[in-house]
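Visitor: I have a structure I would like to understand better, so I am pasting it below and will then ask my questions one at a time.
Residue numbers (my numbering): 1 to 269.
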């Protein structure tokens with residue numbers, strides 16, 4: 001009868017650890033903490049999405065007739081890749097003396113309406129936007145951007161800025177460190193309306209009259225693109241802001257154009 005081997009006889013073939021520590025201890029601990037952090041971050045993002053959706057639902061039934069009349073934001077048409085378009089007119093943003101929280105959810109309502117369905121792009125016209133009248137402040141812009149769920153930021157595929165003033169370009173650079181969601185890869189400056197038609201079919205949306213008039217004026221005063229010449233909205237040349245003398249003054253024609261444009265124009269889908 002064959003005898004069974006004594007386990008002790010095979011001890012020489014058994015790897016005996018030289019330490020009481022499990023070899024996978026560090027990896028296991030690291031995985032525990034990193035997985036925990038990811039889970040917490042995911043839970044917070046879901047909470048943000050739910051809160052955003054709840055507030056958007058409230059905004060759907062709120063009365064925004066006064067803001068709707070401003071023609072500040074609308075959704076209309078698609079770009080050449082079939083993505084929905086959100087159109088925003090910067091000069092129609094009543095940033096001073098207004099309830100900015102209410103304005104925020106009026107805008108977010110339109111964002112939610114489109115982003116909840118799929119990918120989209122934004123066309124923002126900065127034509128004749130005034131720093132004094134239409135700029136709500138960097139802190140406000142940052143807070144509102146951070147409130148948008150990551151899912152919606154990801155679904156925004158392009159952010160076109162038509163007629164970007166130099167001060168806006170500088171502002172966006174300041175915002176750069178906290179602009180998440182691949183914002184810089186999506187940002188596209190459009191110096192003339194005609195260049196937008198490379199991405200959007202002409203006629204999808206008609207701009208306000210003052211946008212087209214500003215576009216024509218830039219053809220005769222191209223230095224306004226670089227902040228060297230003051231623009232009709234009253235924004236001074238950038239070197240005047242820096243304290244340098246000799247900034248080109250607003251001409252009577254500029255002033256009349258500004259007052260005329262303030263009372264005219266809305267865009268139509």
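All C-beta atoms in this analysis are idealised placements derived from N, C-alpha and C, irrespective of residue type, glycine included.
If you compare alpha carbons, which of 206, 87, 113, 134 is closest to residue 57?
Guide: By 1-based counting over the chain shown, the position of residue 57 is 57. Closest option to residue 57, Cα to Cα, is 113.
Visitor: Is the CB-CB distance between residue 271 and residue 201 below 8 Å?
Guide: It is not possible to answer for residue 271, since the shown part of the chain is limited to 1 through 269.
Visitor: Given residue 144, which residues of its chain have a CB within under 6 Å of its CB, disregarding the five upstream and five downstream residues?
Guide: Counting from 1 along the chain shown, the entry for residue 144 is found at position 144. Result list for residue 144: 104, in chain order.
Visitor: So residue 121 and residue 85 are supposed to be a Cβ contact under 8 Å. How far apart are they, rounded?
Guide: Counting from 1 along the chain shown, the entry for residue 121 is found at position 121. Counting from 1 along the chain shown, the entry for residue 85 is found at position 85. Correct: roughly 6 Å between the Cβ atoms.
Visitor: Under 8 Å, do residue 136 and residue 100 count as touching if we go by C-beta distance?
Guide: Taking the chain shown and counting its residues from 1, the one referred to as residue 136 is at position 136. Taking the chain shown and counting its residues from 1, the one referred to as residue 100 is at position 100. Yes, they are a contact pair.
Visitor: Thinking residue 211 and residue 193 are a contact (beta carbons under 8 Å), I'd like their distance in whole angstroms, please.
Guide: The residue given as residue 211 occupies position 211 in the chain shown. The residue given as residue 193 occupies position 193 in the chain shown. Contact flag correct, Cβ pair sits at about 7 Å.
Visitor: Would you say the segment 162 to 170 touches the segment 123 to 133, given that touching needs at least three Cβ pairs under 8 Å?
Guide: Enough Cβ pairs lie closer than 8 Å, so yes.
Visitor: So residue 80 and residue 199 are in contact, right, with Cβ under 8 Å, and what is the actual spacing, rounded?
Guide: Within the chain shown, the letter at position 80 stands for residue 80. Within the chain shown, the letter at position 199 stands for residue 199. 6 Å between Cβ atoms; contact.
Visitor: Taking residue 67 as the reference, give the member of 92, 50, 76 with the closest Cα.
Guide: By one-based count along the chain shown, residue 67 stands at place 67. Nearest C-alpha to residue 67: 92.
Visitor: Out of 69, 138, 48, 217, which one is the CA nearest neighbour of residue 89?
Guide: Position 89 of the chain shown, counting from 1, holds the residue named residue 89. The shortest C-alpha separation from residue 89 is found at 69.
Visitor: The beta strand (DSSP E) that contains residue 128, what's its start and end?
Guide: Mapped onto the chain shown, residue 128 falls at position 128. Residue 128 -> no beta strand (DSSP E), and no H or E assigned at all.
Visitor: Over what stretch of residues does the beta strand (DSSP E) that includes residue 87 continue unbroken?
Guide: By one-based count along the chain shown, residue 87 stands at place 87. Per DSSP, residue 87 belongs to the beta strand (DSSP E) from 84 to 89.
Visitor: Just mark residue 161 as buried or exposed, buried being the case when its beta carbon has 16 or more other beta carbons within 10 Å.
Guide: Looking up residue 161 in the chain shown gives position 161. Looking at its Cβ environment, which holds 16 or more other Cβ atoms inside 10 Å, residue 161 is buried.
Visitor: Report buried or exposed for residue 72, applying the criterion of at least 16 other Cβ atoms within 10 angstroms of its Cβ.
Guide: Here residue 72 refers to the residue found at position 72 of the chain shown. Answer is buried; the Cβ neighbour count reaches 16.
Visitor: Assign residue 130 to one of two classes, buried (16 or more other C-beta atoms within 10 Å of its C-beta) or exposed (fewer than that).
Guide: Reading the chain shown from its first residue, position 130 is the one you call residue 130. The residue in question, residue 130, is buried, as its Cβ has 16 or more Cβ neighbours within 10 Å.
Visitor: Could you pull the start and end residues of the alpha helix (DSSP H) that residue 191 belongs to?
Guide: Locating residue 191 in the chain shown gives position 191, where the first residue counts as 1. Where residue 191 is concerned, there is no enclosing alpha helix (DSSP H), given that its DSSP letter is neither H nor E.
Visitor: Pick helix, strand or coil for residue 135, following the three-state DSSP scheme.
Guide: By 1-based counting over the chain shown, the position of residue 135 is 135. DSSP places residue 135 in coil when its eight states are reduced to three.
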